[in-house]
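**Q** Below: one structure in structure tokens.
Shown next as structure tokens:
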């Protein structure tokens, strides 16, 4: 197996007095789409924040591209889009993207490229706060695509999108992975799991499975992702 | 620190303001209307002339404090700050960008309010230019205190309530209501550590002296120094990593 692009070693995170991640050890394959799945409260967002370096870590290490997460050298190499669209509601789509491009030192043509990639060229002069939820999250996604990130960490990028747009974004993710970019995409929509190369299933602050969608279905003897997940969770429940 | 990113931040903040014409109107109209009220409450150009210059320092400081603390708090709450902290942008790019943008806006506000005050009968012995310098410094102090104060609020509701906490005691003790040297000793001590006192003192120097005084220079430097200290403290309150 190729060396991991993201490496968490016995990662422990305590938030608000409660341990959210328990000695989590996991590696993420380069140039692939890894789906991060699990019920809400399972620690997906905390893991994502640890990887992009915004989370204070209690113990353990997180290494991205050979550097500790959050190192200055990584700030141009890791693209990040948080769960709630972190963009300015009182700026237009283009003004938002242009500002973050300046902060990242991305070139001017990049602004139009990413707006097109998320299919917002028609909306580029509208105020972000007046857009629908799905459109706002695409503005946020556009910002994550700026520059030349080698790792893209996307927290629920397809929430609130219609099937056509989801299809569009997943083919975008696929083309990015084909170009060698490593993607970590969290989701709670199980049919999206099928589109990932590898799945990382979390439950209560621990990784309970890391395998391809097919392996997961074979192992659990199920035909749909929904059934596979239910099976896995139930078998854990009885084991505990 | 990068000049390009600082300027981009300043432009971004001003663009946000431009998309909110109602706030611009309030920020220009309110101090103007208050000046007109003040003039006719006393119904005397002389009394007005005694009070108005000091208020020209107090208004921009107060207004800039409110808009900066709320804007910065939004930046923290909406996740844009966290996102910016994952980019190469330095903390000072962000803070100085804010200071430039709101400083420029405050200058426009001050020019209009000073113009109206002159029309209402405010007279100065010193130059209008030096008055503008110290009012601009007071506005920058408001920006810096607002940036710092936003670290102590979790919601916009709390941020607004910090205004009376930070501004009102300074207003009472800055020499506007009673000359500072006539206050009780303890109050004078408190007044001495409040930056607004020096802004108002510098303004008093401009109104009472036709030439530049050393007291004015000292006071203006103190206000500028407090601004720098508040900005540096605000920078330390911005964290790349949060719990």
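Residue numbers (the numbering used here), protein chains in the order written: chain C, 1 to 240; chain H, 1 to 243.
Idealized CB from N, CA, C, for every residue including glycine.
Helix or strand or just coil, what does DSSP make of residue 27 of chain C?
**A** Residue 27 of chain C: strand per DSSP, three-state reduction.
**Q** Is the Cβ-Cβ distance between residue 223 of chain H and residue 141 of chain H less than 9 Å?
**A** Contact flag set, yes.
**Q** Does chain H have any CB closer than 9 Å to the CB of residue 9 of chain C?
**A** No, because no Cβ of chain H sits closer than 9 Å to the Cβ of residue 9 of chain C.
**Q** Just to confirm the assignment, what range does the beta strand (DSSP E) spanning residue 8 of chain C have?
**A** That run of the beta strand (DSSP E) goes 6 to 15.
**Q** Unbroken alpha helix (DSSP H) runs of length 4 or more, entirely within the region 156 to 180 of chain C: which are they?
**A** Qualifying alpha helix (DSSP H) stretches, in chain order: 163 to 178.
**Q** Do you know offhand how far residue 164 of chain H's Cα is from residue 187 of chain H's?
**A** Going from the Cα of residue 164 of chain H to the Cα of residue 187 of chain H covers about 18 Å.
**Q** Determine, using beta carbons only, whether residue 147 of chain H comes closer than 9 Å to chain C.
**A** It does not: the Cβ of residue 147 of chain H has no partner Cβ on chain C nearer than 9 Å.
**Q** Would you kindly report the start and end of the unbroken alpha helix (DSSP H) that includes residue 225 of chain H?
**A** Residues 214 to 237.
**Q** By alpha-carbon positions, which one of H:209, H:81, H:203, H:230 ends up nearest to residue 149 of chain H?
**A** Closest option to residue 149 of chain H, Cα to Cα, is H:230.
**Q** Between residue 110 of chain C and chain H, is there a C-beta pair that is closer than 9 Å?
**A** It does not: the Cβ of residue 110 of chain C has no partner Cβ on chain H nearer than 9 Å.
**Q** Any contact between the region 5 to 17 of chain C and the region 46 to 62 of chain C? By contact I mean 3 or more CB pairs, one from each, below 8 Å.
**A** Contact holds: three or more Cβ-Cβ distances are below 8 Å.
**Q** Report buried or exposed for residue 173 of chain C, applying the criterion of at least 16 other Cβ atoms within 10 angstroms of its Cβ.
**A** Residue 173 of chain C comes out buried.
**Q** Can you give me the start and stop residues for the alpha helix (DSSP H) that residue 142 of chain H sits inside?
**A** Note, residue 142 of chain H: alpha helix (DSSP H), 128 to 149.
**Q** Run through DSSP, which three-state label would residue 240 of chain H get?
**A** Coil, per DSSP.
**Q** At which residues does the beta strand (DSSP E) containing residue 62 of chain C begin and terminate?
**A** Where residue 62 of chain C is concerned, the enclosing beta strand (DSSP E) stretches over 59 to 64.
**Q** Between the region 206 to 227 of chain H and chain C, which residues of the former have a C-beta closer than 9 Å to a C-beta of the latter?
**A** So nothing in the stretch comes that close.
**Q** Less than 8 Å between the CB atoms is what I'm expecting for residue 93 of chain C and residue 139 of chain C, so what's the real figure, rounded?
**A** That pair is a contact at about 5 Å.
**Q** Measuring only the C-alpha atoms, how far is residue 132 of chain H from residue 33 of chain H?
**A** Their backbone Cα atoms lie some 19 Å apart in a straight line.
**Q** Below 8 Å, can you find three or more Cβ-Cβ pairs linking the region 150 to 163 of chain C to the region 70 to 87 of chain C?
**A** The region 150 to 163 of chain C is in contact with the region 70 to 87 of chain C.
**Q** Spell out the partners DSSP gives residue 187 of chain C in its beta bridges.
**A** According to DSSP, residue 187 of chain C bridges with C:37.
**Q** Using a Cβ-Cβ cutoff of less than 7 Å, which residues in the same chain neighbour residue 110 of chain C once the five nearest sequence positions on both sides are dropped?
**A** Closer than 7 Å at Cβ, skipping near neighbours: 101, 146, 147.
**Q** Taking only the alpha-carbon atoms, compute the straight-line gap between residue 244 of chain C and residue 51 of chain H and give it to the nearest angstrom.
**A** Not covered by the structure: residue 244 of chain C. The range shown for chain C is 1 to 240.
**Q** If you compare alpha carbons, which of C:141, C:128, C:47, C:34 is closest to residue 113 of chain C?
**A** Of the candidates C:141, C:128, C:47, C:34, the one whose C-alpha sits nearest the C-alpha of residue 113 of chain C is C:141.
**Q** Alpha carbon to alpha carbon, what distance is there between residue 236 of chain H and residue 47 of chain C?
**A** Each residue's Cα considered, the two are about 25 Å apart.
**Q** Sort H:19, H:94, H:88 by Cα distance to residue 95 of chain C and report the nearest one.
**A** When only C-alpha atoms are compared, the closest one is H:19.
**Q** Check the C-beta distance from residue 135 of chain C over to residue 123 of chain C and give it rounded, since I have them as a contact under 8 Å.
**A** Contact flag correct, Cβ pair sits at about 6 Å.
**Q** Could you check the C-alpha separation between residue 126 of chain C and residue 44 of chain H for me, to the nearest Å?
**A** Rounded to the nearest angstrom, the two C-alpha atoms are 50 Å apart.
**Q** In chain order, what residues of the same chain have a beta carbon less than 6 Å from the beta carbon of residue 151 of chain H, not counting five sequence neighbours either side?
**A** The answer, listed in chain order, is 237.
**Q** Name the two residues that bound the continuous beta strand (DSSP E) containing residue 79 of chain C.
**A** Here the beta strand (DSSP E) through residue 79 of chain C covers 78 to 81.
**Q** Quick one: which chain H residues come within Cβ less than 8 Å of residue 60 of chain C?
**A** What residue 60 of chain C touches in chain H: nothing, since even the nearest Cβ is about 14 Å away.
**Q** Would you call the region 10 to 26 of chain C and the region 177 to 197 of chain C in contact, with 3 or more CB pairs under 8 Å?
**A** These segments do not touch.
**Q** Taking the alpha carbon of residue 65 of chain C as the reference point, which residue from C:143, C:229, C:183 has its own alpha carbon closest?
**A** When each option's Cα is compared against that of residue 65 of chain C, the closest is C:183.
**Q** I think residue 158 of chain H touches residue 28 of chain H, with their Cβ atoms under 8 Å apart; what is that distance to the nearest whole Å?
**A** Residue 158 of chain H to residue 28 of chain H, Cβ: 26 Å. No contact.
**Q** Excluding the five sequence neighbours on either side, which residues of its own chain have a C-beta within less than 6 Å of the C-beta of residue 98 of chain C, listed in chain order?
**A** Answer for residue 98 of chain C: 111, listed in chain order.
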